[in-house]
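Residue numbers (the working numbering): 1 to 476. For reference, the structure is listed below as structure tokens.
Dropping the structure here:
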């Protein structure tokens, strides 16, 4: 390697010394003449006489550059055709339009043909450019310089004239460009059929095997991606909807259901008058009906089924209007439940535990709220109960029955922060019981991570209200 480098340096020095000696031999009194004659000498030294061979080669080079541009641009032109373009081509009586549609029926073969043709043309451009440079310029004494000049010039020509400009034009006028190249590409497809067949089959072989090993993003990775890509221009509501969609499949029914202690239900032995009074007071359109205890659900009463029977006597047998109840387990995923709601065309399900006892109810509205957020209907304003109260930026008062899922939404934190400590509990009251092991007294403070839970209201059986204070740093 050192020997070759010394040889190159010595040969270059010899050529430069000979050139300088020739310039010194010029006899011109003024500096302008010296510079002019020096330029002529350098030109004579490096530029060969122009010949018909060089002229023909230049013409062929321009033709090849034009072909490279057209073939390269056709890739963007054909594959930028949108549905509206294709619809117009279908309605057109033009032969070229029909040919475009025919070529797009086999997109892989079309793309393979374009790539093969483009590579052949570009290789021809490189070979011809090298020939022109060797015939027109005498850089044999400077091989490295000759190589650099050829690479820079040829690369610039191919990129600018053969790639960038035609693809920009084709992206703006895809139909026009595709029509101009449809006939040529049809010929190329027949010409390069053997090569394109090999390329298509090899890519199909790789696709089938790579697809099996493709990386599937987890929900946590999707959630992180949303956090990274959601900038200031992304609405907060839109970000929450995206997060809700990502986490939707992980949520179980028991996390968002209405607990049995909060459910309005009817005893099947209730009179018609009692039924009407409960309907008016609750404002609900669907009411579970039980016999003897809430664990023995008999069916669901739809208020709309009662409308034709308004004004009936006290003895009216409203029980005949009951519809069958739909039961779901606590650990059912809400995405599966949503699908069943859609298939059965129902809006309410009874949630049961592993022993068959009734845990609560869940509605279609509860499921959808996990995606789009709180949904307010005409009955919410009249029946909506206290859920939480914000005292200041770091202090809240929550009902004990508030689910951990809703709590995390309200204070805008990830809903998995308590997963390691909550056990089987789904509500704030359950979380406190899990931490304390008993029902705490009023005023009792419980610290968990960077939250202080203070019991604001409690009775012998139930934690009713909890004051939550957010501290600055996690309390590990």
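Every residue gets a Cβ at the ideal spot worked out from N, C-alpha and C, and that includes glycine.
Opposing strand residues paired with residue i [DSSP bridges]
i	result
residue 267	290
residue 469	395, 452
residue 299	289
residue 463	458
residue 390	396
residue 323	300
residue 252	333
Cβ separation of residue i and residue j, assumed to be a contact under 8 Å, to the nearest whole Å
i	j	result
residue 175	residue 81	7 Å
residue 101	residue 90	7 Å
residue 362	residue 261	Rounded, the Cβ-Cβ distance is 15 Å, inconsistent with contact.
residue 170	residue 77	4 Å
residue 58	residue 132	7 Å
residue 300	residue 277	Not a contact, Cβ separation roughly 19 Å.
residue 192	residue 116	5 Å
residue 358	residue 294	5 Å
Beta strand (DSSP E) segment containing residue i, residue limits
i	result
residue 450	445-458
residue 348	348-352
residue 328	327-329
residue 359	358-363
Whether residue i touches residue j by CB criterion (7 Å)
i	j	result
residue 397	residue 418	no
residue 69	residue 162	yes
residue 453	residue 432	yes
residue 310	residue 289	no
residue 360	residue 263	yes
residue 124	residue 200	no
residue 194	residue 72	no
residue 400	residue 428	yes
residue 291	residue 298	yes
residue 446	residue 435	yes
residue 168	residue 74	no
residue 179	residue 106	no
residue 99	residue 110	no
residue 135	residue 52	no
residue 487	residue 249	A question about residue 487 goes unanswered here, because the residues of the chain that appear run from 1 up to 476.
residue 450	residue 471	yes
Start and end residues, alpha helix (DSSP H) containing residue i
i	result
residue 174	174-191
residue 344	334-344
residue 125	107-136
residue 91	83-91
residue 403	Unbroken run through residue 403: none, as it is neither H nor E.
residue 525	There is simply no residue 525 to check, as the chain begins at 1 and stops at 476 in what is shown.
residue 519	Nothing can be reported for residue 519: it is not among the residues displayed for the chain, which extend from 1 to 476.
residue 77	52-79
residue 314	Run containing residue 314: none; DSSP gives neither H nor E here.
Sequence-distant residues of its chain with Cβ nearer than 6 Å to residue i (five each side left out)
i	result
residue 318	272, 275
residue 389	397
residue 349	326, 328, 362
residue 366	256
residue 415	405, 408
Residues near residue i by beta carbon distance below 7 Å, same chain, minus five either side
i	result
residue 197	none
residue 64	121, 124, 125, 128
residue 463	400, 429, 432, 439, 455
residue 118	68, 71, 72
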